[in-house]
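Here the structure is laid out as structure tokens; the discussion comes afterwards.
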Amino acid sequence: MAGTEAKSESVGTVVVAGAANLAIAIAKLIAGLLSGSAAMLSEAAHSVADTTTEVLLYMALRRGARPADTRHPFGYGKESYVWAFLAALFTFVVGAGFAITHGVTTILVHEHTGHYLASYVVLAVSFAIESVSLARAVRQVRNESRRWRATPRRYLRLTADTTVKAVFLEDSAALIGLLLAAVGLTLSHLTGEEIYDGVASILIGVLLLVVAGILARSNISLLVGRAVSDRVHRQIEHELAGLPAVDRIDTLMTMFLGPEDILVAAKVDFQNDATGADIEAAADEAERRLTDRFPEIGYVFLDPTRSRRGSDGHRARTTQDEDERAVDQEPGGVP
1 MAGTEAKSES
11 VGTVVVAGAA
21 NLAIAIAKLI
31 AGLLSGSAAM
41 LSEAAHSVAD
51 TTTEVLLYMA
61 LRRGARPADT
71 RHPFGYGKES
81 YVWAFLAALF
91 TFVVGAGFAI
101 THGVTTILVH
111 EHTGHYLASY
121 VVLAVSFAIE
131 SVSLARAVRQ
141 VRNESRRWRA
151 TPRRYLRLTA
161 DTTVKAVFLE
171 DSAALIGLLL
181 AAVGLTLSHL
191 TGEEIYDGVA
201 SILIGVLLLV
211 VAGILARSNI
221 SLLVGRAVSD
231 RVHRQIEHEL
241 AGLPAVDRID
251 TLMTMFLGPE
261 DILVAAKVDF
271 QNDATGADIE
281 AAADEAERRL
291 TDRFPEIGYV
301 FLDPTRSRRG
311 SDGHRARTTQ
321 DEDERAVDQE
331 PGGVP
């Protein structure tokens with residue numbers, strides 16, 4: 001139920017952001033053509049890129065939510081990361097590419113037509129609309145971070161829901177871009193020097209590059225097969241180790257199959273006197289415990305096995321690699 005509510009809220013966040021960006025893109029384009037401002041035209045390209053991104057993110061949510069079938073027994077959750085990656089790529093190529101190129105051109109050859117008032121009005125209205133869209137994204141981030149008992153910053157850094165991360169980062173970048181455009185436009189207006197407008201356009205492009213890079217990295221990590229964070233990994237291991245008839249957990253592996261779908265697989269060393277019925281009961285109890293604590297866990301596989309022994313004769317304990325504890329420092333996991 002929690003996953004369904006989160007997915008519905010993500011769809012609403014994406015739709016609101018997309019509608020806002022489309023209206024803003026049209027207004028910025030008109031103002032940019034009237035004023036000839038490179039920063040305004042770059043902001044128009046920025047909003048066009050954001051609008052296209054929201055469409056792709058909507059596709060990610062819809063396509064990734066399809067139920068499992070015989071050809072895709074684990075569902076289509078990872079397809080959402082494909083569409084989200086394409087969204088990041090579009091922002092990188094179209095939004096950033098146009099802004100930087102047009103900024104350089106403006107510094108070299110472009111001149112304003114002198115109609116600044118329209119640009120100032122559009123910037124102010126755009127800032128207000130983007131603030132509303134960002135406020136919705138912030139509300140969702142706070143709700144989800146409370147559900148995971150994490151800080152909003154930590155949730156954003158580690159969440160596997162790249163759609164809400166994309167909307168939050170893009171709306172934040174949009175507000176910063178509007179401020180850069182306003183500063184560049186005002187300085188050019190006051191001084192008559194086009195270099196300020198051109199520099200503002202280039203900075204907007206660099207900002208888009210940073211956002212696209214962050215989102216692309218998150219989605220690539222999840223497409224490859226991202227594990228849950230180390231904190232959640234330890235909690236899952238603790239639940240499994242506490243099962244009746246379980247001696248120890250030799251290997252525990254997890255992977256995101258989608259934003260709200262986690263696979264858990266473990267090699268479990270059961271007690272020597274455990275019967276087949278004990279092992280079956282432990283497997284049922286494992287699934288119940290884990291899904292009660294983490295509703296996002298969709299699959300639990302336990303492999304009864306003997307513990308491997310290390311070079312010192314003691315049983316080797318192979319769980320999440322120590323190096324993987326750096327997962328808390330990378331995007332794309334569960335808080």
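Using full-length UniProt numbering, read the sequence shown as starting at 1 and increasing by one per residue.
Ideal Cβ positions, reconstructed from N, Cα and C, are used throughout, including at glycine.
As the structure is a prediction and not an experimental result, all values here were calculated from the model.
Distance CB(residue i)-CB(residue j) smaller than 9 Å
i: Ser10; j: Gln140; result: yes
i: Ala38; j: Thr106; result: yes
i: Tyr196; j: Val211; result: no
i: Gly103; j: Ile202; result: yes
i: Val264; j: Thr251; result: no
Strand pairing of residue i, partner residues [DSSP]
i: Ala68; result: DSSP, once it has assigned bridges, lists no residue as partnering Ala68.
i: Pro304; result: Val268
i: Leu263; result: Met255, Tyr299
Segment limits, beta strand (DSSP E) that includes residue i
i: Gly36; result: Premise fails: Gly36 is in no beta strand (DSSP E) and is neither H nor E.
i: Arg248; result: 246-258
Exposed unless 16 or more other CB atoms sit within 10 angstroms - verdict on residue i
i: Val14; result: buried
i: Asn219; result: buried
i: Phe294; result: buried
i: Leu180; result: buried
i: Ala31; result: buried
i: His115; result: exposed
i: Ala166; result: buried
i: Gly198; result: buried
i: Phe98; result: buried
i: Val268; result: buried
i: Arg157; result: buried
Element boundaries [alpha helix (DSSP H), containing residue i]
i: Glu130; result: 117-147
i: Ala99; result: 97-108
i: Lys78; result: Looking at the DSSP string, Lys78 is not in any alpha helix (DSSP H), and its letter there is neither H nor E.
i: Leu180; result: 162-191
Given residue i as reference, the closest of the options once Cα atoms are compared
i: Ile129; options: Ala17, Pro244, Asp250, Ala265; result: Ala17
i: Asp273; options: Val246, Glu144, Val82; result: Val246
i: Gly298; options: Arg146, Pro67, Arg306; result: Pro67
i: Ala88; options: Asp278, Val55, Gly213; result: Gly213
i: Ala282; options: Glu239, Leu257, Ala135, Ser47; result: Glu239
CB contact check: residue i to chain C, cutoff 9 Å
i: Thr163; result: Looking at the structure shown, chain C is missing, and only one protein chain is on hand.
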